[in-house]
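Numbering (this note's numbering), first residue to last: 838 to 1117.
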Amino acid sequence: MTTSPTPTATATDEKYRGPAGELVDPSTTVLSARDLVKTFGRVIGLDGVSFDLKAGEVLAIIGDNGAGKSTLIKAVTGAIVPDAGQVFLDGREVHFRSPQDARQAGIETVYQTLAVAPALDIAANMFLGRERRRKGPLGSIFRMLDKSGMKTDAGKSMANLGIATIQNMSQAVETLSGGQRQAVAVARAATFATKFVVLDEPTAALGVKETGQVLNLIQQIKAKGLPVILISHNMPNVFEVADRIHIARLGGCAGVITPQSHTPTEAVAIMTGATTLEKG
Ligand SMILES: Nc1ncnc2c1ncn2[C@@H]1O[C@H](COP(=O)(O)OP(=O)(O)OP(=O)(O)O)[C@@H](O)[C@H]1O
Ligand SMILES: [Mg+2]
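Printed below as a string of structure tokens:
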């Protein structure tokens, strides 16, 4: 027996399963940033920048050092409060005052300055700030950390994301390789995000194999139905995984392109100001 498609569904607007198994229209805007402004004294960090993140896409943000990429994502993830402009999540305006506010709203960010606790083990890092507790011998008064439960779930998350090189969730993060550490941070983000994941230069310090692993993770997150914002300087990486590419330049936006519309060389030319993009 076949189920008939909904009358509005066409071959061009294929719906897909979102993180909670719901049907999602890929043209839905998950996040919308409008005219964001941020100045640091006399330095203009953001000069009225807007962008949209669509359901299930990987949106890359590229740009030279100091172009305002990190500032842009900090302004939508609560790490800084913009001086002006608006942020809409699922169409509703939000005012995040801290990264914790954004996390509670389902946004997970791996910042450029990687935040892992090196001395803690992988499971503890996965659940950092979200530690699970179980009832202790004296009932709910002295609730103990549910270490074994967290370890099991950390292992499951890693396995679901296809991270095969890390076997022991009791291993301290400081004993992991750079790529494995980055994988833990990305896995944590992928596990807890319900709206989208932001990765600021996740492969900057990594070798070829480790970079491949993180790119694979990005594909896994996308396959879960979660959109990703990826900040990167690495053109081959960006052109491999991005659906759209936002080009940051001098605190503004020099345009939005796709891997189909432009070559990496053209993207770099727009990024550096050698070429200007006709704005549609
Ligand atoms: N906390 C701050 N105080 C003062 N200036 C800042 C601060 N944060 C960012 N800036 C300035 O804002 C501009 C944009 O910085 P931002 O970190 O967003 O750049 P970026 O595009 O992420 O660069 P990179 O590729 O080097 O990471 C820079 O000129 C930077 O010096
Ligand atoms: Mg940056």
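We put the beta carbon where it would ideally sit given N, CA and C, even for glycine.
- Task: Tell me, please, which residues DSSP counts as bridged to residue 981.
- Result: In the DSSP output, where bridge partners are listed per residue, residue 981 has 971.
- According to the Cβ coordinates, are residue 892 and residue 865 closer than 8 Å? Going by C-beta atoms, residue 892 is nearer than 8 Å to residue 865.
- Query: Hey, would you say the C-beta of residue 907 is under 7 Å away from at least one heavy atom of ligand 2?
  - Reply: At least one heavy atom of ligand 2 is nearer than 7 Å to the Cβ of residue 907, so yes.
- What are the boundary residues of the alpha helix (DSSP H) that includes residue 918? Residue 918 -> no alpha helix (DSSP H), and no H or E assigned at all.
- Distance, Cα to Cα, residue 885 vs residue 1045? Rounded to whole angstroms, residue 885 to residue 1045 spans 36 Å at the Cα level.
- Message: Shorter than 7 Å, the distance from the beta carbon of residue 877 to the closest heavy atom of ligand 1, or not?
- Response: Yes, ligand 1 has a heavy atom inside 7 Å of this Cβ.
- Query: Identify the residues that DSSP records as bridge partners of residue 926: which are they?
  - Reply: Answer by DSSP bridge pairing, in chain order: 868 and 929.
- Item | Counterpart residues of residue 880 in DSSP-defined beta bridges | As computed with DSSP, residue 880 is found in a beta bridge with 877.
- Three-way DSSP call (helix, strand, coil) for residue 1018 in this model: DSSP places residue 1018 in helix when its eight states are reduced to three.
- In chain order, what residues of the same chain have a beta carbon less than 6 Å from the beta carbon of residue 988, not counting five sequence neighbours either side? Cβ within range, chain order: 960 and 1006.
- Query: Secondary structure at residue 1113, three-state DSSP: helix, strand or coil?
  - Reply: Residue 1113: coil per DSSP, three-state reduction.
- Nearest-angstrom Cα separation, counted from residue 922 out to residue 1109: Looking at the two C-alpha atoms, the distance is approximately 26 Å.
- Have a look at 964, 984 and 963 and flag the residue whose alpha-carbon is nearest the alpha-carbon of residue 971. Comparing Cα-Cα distances from residue 971 to each of 964, 984 and 963, the minimum goes to 984.
- Thinking residue 1038 and residue 1016 are a contact (beta carbons under 8 Å), I'd like their distance in whole angstroms, please. Taking 8 Å as the upper bound for CB-CB distance, residue 1038 and residue 1016 are not in contact here, some 14 Å apart.
- Same chain, Cβ closer than 7 Å to residue 1117, five either side skipped, listed in chain order: Because residue 1117 carries a pLDDT of 49, less than 50, the predicted location of this residue cannot be relied on, and the following value inherits that uncertainty. Correct list: empty, nothing qualifies.
- Message: Is any non-hydrogen atom of ligand 2 found closer than 7 Å to the C-beta of residue 901, if you look at the structure I gave you?
- Response: Checking every heavy atom of ligand 2 against the Cβ of residue 901, none is found closer than 7 Å.
- Query: Taking contact to mean at least 3 C-beta pairs separated by less than 8 Å, is the segment 1051-1067 in contact with the segment 1093-1102?
  - Reply: Contact fails: fewer than three Cβ-Cβ distances are below 8 Å.
- Query: Based on the DSSP secondary-structure assignment, which residues constitute the bridge partners of residue 1070?
  - Reply: In DSSP, residue 1070 forms no bridge with anything.
- Item | Proximity of residue 919 and residue 880 at Cβ, strictly below 8 Å | In this structure, residue 919 lies away from residue 880, with their beta-carbon atoms at least 8 Å apart.
- Buried or exposed: where does residue 857 fall if 16 or more other Cβ atoms within 10 Å of its Cβ makes it buried? The residue is exposed, with fewer than 16 neighbouring Cβ atoms inside 10 Å.
- Message: Need the endpoints of the beta strand (DSSP E) that residue 1034 sits in, please.
- Response: Unbroken beta strand (DSSP E) run through residue 1034: 1033-1037.
- Query: Taking the Cβ atom as the reference point for each residue, do residue 924 and residue 890 lie within a distance shorter than 8 Å?
  - Reply: Their beta carbons are not under 8 Å apart, which means residue 924 does not touch residue 890 by this criterion.
- Query: Got a sec, what are the start and stop residues for the alpha helix (DSSP H) residue 1052 sits in?
  - Reply: Per DSSP, residue 1052 is one residue of the alpha helix (DSSP H) stretching across 1045-1060.
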